[in-house]
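2 protein chains.
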Amino acid sequence: MKKEMPSCPVEVTLMLISNRWNVLIIRDLLEGTKRFGELKKSINGISPKVLTANLRAMEENGLLTRKVYPEVPPKVEYTLTDIGYSLKPILDDMVVWGTEYKRKIKKTTK
Amino acid sequence: MKKEMPSCPVEVTLMLISNRWNVLIIRDLLEGTKRFGELKKSINGISPKVLTANLRAMEENGLLTRKVYPEVPPKVEYTLTDIGYSLKPILDDMVVWGTEYKRKIKKTTK
DNA sequence: CGGAATCCGACGGGATACTG
DNA sequence: CAGTATCCCGTCGGATTCCG
Numbered sequence: 001m002k003k004e005m006p007s008c009p010v011e012v013t014l015m016l017i018s019n020r021w022n023v024l025i026i027r028d029l030l031e032g033t034k035r036f037g038e039l040k041k042s043i044n045g046i047s048p049k050v051l052t053a054n055l056r057a058m059e060e061n062g063l064l065t066r067k068v069y070p071e072v073p074p075k076v077e078y079t080l081t082d083i084g085y086s087l088k089p090i091l092d093d094m095v096v097w098g099t100e101y102k103r104k105i106k107k108t109t110k
Numbered sequence: 001m002k003k004e005m006p007s008c009p010v011e012v013t014l015m016l017i018s019n020r021w022n023v024l025i026i027r028d029l030l031e032g033t034k035r036f037g038e039l040k041k042s043i044n045g046i047s048p049k050v051l052t053a054n055l056r057a058m059e060e061n062g063l064l065t066r067k068v069y070p071e072v073p074p075k076v077e078y079t080l081t082d083i084g085y086s087l088k089p090i091l092d093d094m095v096v097w098g099t100e101y102k103r104k105i106k107k108t109t110k
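Just so you know, the sequences run in chain order V and A.
Per the UniProt record's numbering: the first sequence = residues 1 to 110.
Per the UniProt record's numbering: the second sequence = residues 1 to 110.
In structure tokens, the structure reads:
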């Protein structure tokens, strides 16, 4: 079973995106539906096990949907739900902040 | 030594806030300077070891400053830097998103 | 192709006791 | 008061191999 839902909203958000890969997966899926292999390729260095684990967790949390096509060879597509997509502003903010941070830290430490 | 700085801005941001406590610490310090004991009390359930570890890491990352008063009994104050404080918008977004998420999920699963 | 299975190490974190 | 010092544990993630 999954973890408890914290009462604090910040913790809730963190619970969903605070691991190493989830945000990067979301980032990729913001461009649109993708297949397992596409995700694996575009997310540099993730192992299939970890990718699967993260995708399943995110599915369970309602951030994305998994669609299996009963074909040979198999085909599985992942798509963000509306809830998942609504994280976009936060991701955008993180891009901005991260960029700024790198700039400032460089000045500070150099 | 600390971790490598990722090139991707999102990863940079995540590196700094993706653990269980850092965001909550920032959240507390957004109200203003606080002492070790105050943080420990207001952050529910954190152990002194972990709190120390996180504070030191955040200090090293330039998110906050640590000020020691050479008194007996000791007094140590923690204050956000400008960089640390600039995370506020993201935290605010996380509050909003987390609140929405809880609302929507309740509808879905119930 | 999209995983599942296995093994394994590292790290974050928890509880508790102790100290300058 | 503000930490250290231990010890211990669980989870995440990495690498690799195998399967339907």
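Glycine is no exception: its CB is placed at the ideal position from the N, C-alpha and C atoms.
Fair warning: this is a prediction, and the values are worked out from it, not measured in the lab.
Classified as exposed, V/T108 has fewer than 16 neighbouring CB atoms from the shown chains inside 10 Å of its CB. The shortest C-alpha to C-alpha distance from A/Y78 to any of A/N54, A/I105, A/I46 is the one to A/N54. Under the three-pair Cβ rule at 8 Å, the stretch 59 to 75 of chain A does not count as touching the stretch 80 to 98 of chain V. A/S86 reaches chain V at W97, E100, counting residues in chain order whose Cβ is nearer than 8 Å. Taking 8 Å as the upper bound on Cβ-Cβ separation, chain A lies near residues N19, R20, V23, L24, R27 of the stretch 19 to 41 of chain V.
For the C-beta of V/I90, the chain A residues within less than 8 Å are, from N- to C-terminus, I90, D93, M94, W97. The beta carbon of A/V23 lies closer than 7 Å to those of I17, L91 in the same chain, with the five residues before and after it left out.
Contacts between A/V12 and chain V, judged by CB atoms closer than 7 Å, involve G98, Y101, K102 in chain order. Annotated three-state conformation of V/V72 is coil, per DSSP. The C-beta of A/G62 comes closer than 7 Å to at least one C-beta of chain V.
Considered as a whole, the UniProt domain "HTH hxlR-type" (8 to 106) of chain V harbours 9 to 17, 22 to 29, 36 to 42, 48 to 60, 82 to 85 as its complete alpha helix (DSSP H) runs of no fewer than 4 residues, in chain order. For V/D28, same chain residues with a beta-carbon under 7 Å away, outside a window of 5 residues either side, are K34, L39, S42, I43 in chain order.
Looking from the CA of V/S47, the closest CA among V/I25, V/G98, V/N61, V/K104 belongs to V/I25.
Contact of A/P48 with chain V by beta-carbon distance below 7 Å is absent, the smallest such distance being about 21 Å. Scanning its chain for C-beta atoms nearer than 8 Å, with the 5 sequence neighbours on each side dropped, one finds around V/L30 the residues L80, Y85, K88, L91, in chain order. Under a criterion of Cβ atoms nearer than 9 Å, the residues of chain V adjacent to A/P9 are, in order, M94, V95, V96, W97, G98, T99, E100, Y101, K102.
For A/I43, no Cβ of chain V is located within less than 7 Å of the residue's own Cβ. Taking the CA atoms as reference points, V/V72 sits about 51 Å from A/G45.
The alpha carbon of V/E59 has as its nearest neighbour, out of A/E11, A/I105, A/G32, the alpha carbon of A/I105.
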